[in-house]
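Heads up: the sequence shown begins at 165 in this note's numbering, then just goes up one per residue. Even for Gly, the Cβ is constructed at its ideal location relative to N, Cα and C.
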Amino acid sequence: MPEPVAVEAGRTSNLRLRVLSAMVLIPVVLLAVAFGGLSFLALTIIMAGAAFWEWCEITDPKGPVWVRVVTNAGLLVGICFVGYHHLAWAALLWLAVFVVLILLAFRQRRAGWMAVGLLYVAIPSGGLLVLRGAGIGWYPILFLMLVVWVTDTAAYFGGRSLGGPKLWRRVSPKKTWSGALSGLAGALIVAAVLSASVHWRADALLVAVLLSIASQCGDLLESAVKRKFDVKDSGTLIPGHGGVLDRIDGLYGAAACAWLLASAGWAGGLFATPLLSAAGAAP
């Protein structure tokens, strides 16, 4: 079989796996988001635990397992604190674990990467729980996830169809500027359609742009880490996608951005007021 045909067949097979995995996972995620409470907390814990473990497998696969387990436990306990609205306790716990890892890094250099991974997972996980538990329902998380999913999908197909200059060849050889701009355009379309249908404020478009950029930066960050340690995928748990971290790197970038904007007092108003006024009382 000629090589181009084999490559195209491989791409088609991988795309089918991606679609099938998405068809299974997306309903589960949406149900957890809609129900909130323990369901969403459990989803966040599962994602965070798997993502942090994969991060450690990438950056220090031969490091002491007990350090990884203890750190992951601290991460997940902190997430539980956030889920039960004890954000200060979570921050103190994560800070303590982070400091211990930094001190440990003086003896074991790669422990510093574990400290980075702790923040990489903890901050967006906390952001997701804060936004979902802010008393304004599931709409902010739905908006966030739609922007991330459409950005990822539009970037994939746009880059594959249009090609062109590489976005950052050294880090991610397959990503192109056409893909990045397609993802941004997709996010704008989602925000525009939702704004028109439920009368959100026009600055939903600006937030969609920021979240889309943050999502793609999250993807690039994970790609840069994998490139540094010469790893192709973070794992093999999700067929067609690789590991959990490969699937949620963009979500983590966007969630961290959303929490930052909400903490600044700007995006919180955007997410709350238009959604509640348009949709009535949040579930």
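Distance between residue j and residue i (C-alpha atoms, nearest Å)
i, j, result
"I222", "A198", "33 Å"
"V263", "A419", "24 Å"
"I377", "A318", "13 Å"
"V280", "L240", "16 Å"
"G347", "R232", "35 Å"
"W341", "V373", "15 Å"
"W258", "Y248", "16 Å"
"D413", "V389", "12 Å"
"I353", "G327", "21 Å"
"L310", "W253", "31 Å"
"D383", "L292", "17 Å"
"L283", "V357", "34 Å"
"V188", "W230", "33 Å"
"V261", "G238", "7 Å"
"A349", "T315", "8 Å"
"P329", "S336", "12 Å"
"V234", "S203", "24 Å"
"P304", "V312", "12 Å"
"E386", "S361", "35 Å"
"G322", "G343", "5 Å"
"D394", "V285", "21 Å"
"L194", "L251", "25 Å"
"K392", "R334", "10 Å"
"L369", "L345", "15 Å"
"I209", "G200", "13 Å"
"L207", "Y320", "26 Å"
"F306", "L256", "With the sequence shown as reference, residue 306 is identified as Leu, and Phe is not the correct amino acid for it. Going by the C-alpha atoms only, they are around 29 Å apart."
"A196", "K338", "33 Å"
"L425", "I287", "13 Å"
"T437", "P191", "Bear in mind that the predicted position of T437 carries a pLDDT of just 37, short of 50, making it unreliable; the figure below should be weighed with that in mind. When rounded, the distance between both Cα atoms is 27 Å."
"A351", "L267", "41 Å"
Neighbourhood of residue i by C-beta, 6 Å cutoff - its chain only, sequence neighbours within 5 removed
i, result
"A428", "none"
"L265", "A275, M278, A279"
"A269", "A275, G276"
"C381", "G417"
"L415", "V312"
"A355", "A368, L369, A372"
"S379", "V312, T315, G414, G417, A418"
"G297", "none"
"S359", "A368"
Residue i - containing alpha helix (DSSP H), residue span
i, result
"S376", "368-392"
Residue i (DSSP reduced to helix, strand or coil)
i, result
"S342", "helix"
"P337", "strand"
"G406", "strand"
Extent of the continuous beta strand (DSSP E) run through residue i
i, result
"K396", "Element bounds for K396: n/a, residue is neither H nor E."
Cut-off 7 Å between Cβ atoms - residues of its own chain near residue i, not counting five sequence neighbours on either side
i, result
"G213", "N236, L240"
"A422", "G291, L295, L308, L375, A431"
"D224", "R274, W277, M278"
"A215", "V285, V408, L409, I412"
Same chain only: Cβ atoms within 8 Å of residue i, ignoring 5 sequence neighbours per side
i, result
"I227", "Reading off the sequence, residue 227 comes out as Gly, not Ile. The answer, listed in chain order, is C220, Q272, R274, A275, M278."
"V171", "Reliability fails at V171, whose pLDDT of 43 lies under 50, so the model's placement of it is uncertain and no value is given."
"L205", "I243, C244, G247, L293"
"M211", "S289, V408, I412"
"L331", "K339, T340, W341, G343, A344, L384"
Residue-chain proximity (residue i, chain B), Cβ-Cβ < 8 Å
i, result
"W332", "No chain B is present in this structure, which holds just one protein chain."
Heavy atom of the ligand PLP within 7 Å of residue i beta-carbon
i, result
"R274", "Absence of the ligand PLP is noted for the structure shown, with no ligands found whatsoever."
**Length at least 3, wholly inside the segment 201-243: the beta strand (DSSP E) runs in chain order** = No beta strand (DSSP E) of 3 residues or more sits fully in the segment 201-243.
**Asked** Residue ranges of each beta strand (DSSP E) run of no fewer than 3 residues wholly in the segment 255-308, ordered along the chain?
**Response** For secondary structure counted as the beta strand (DSSP E) over 3 or more consecutive residues, the segment 255-308 holds no complete run.
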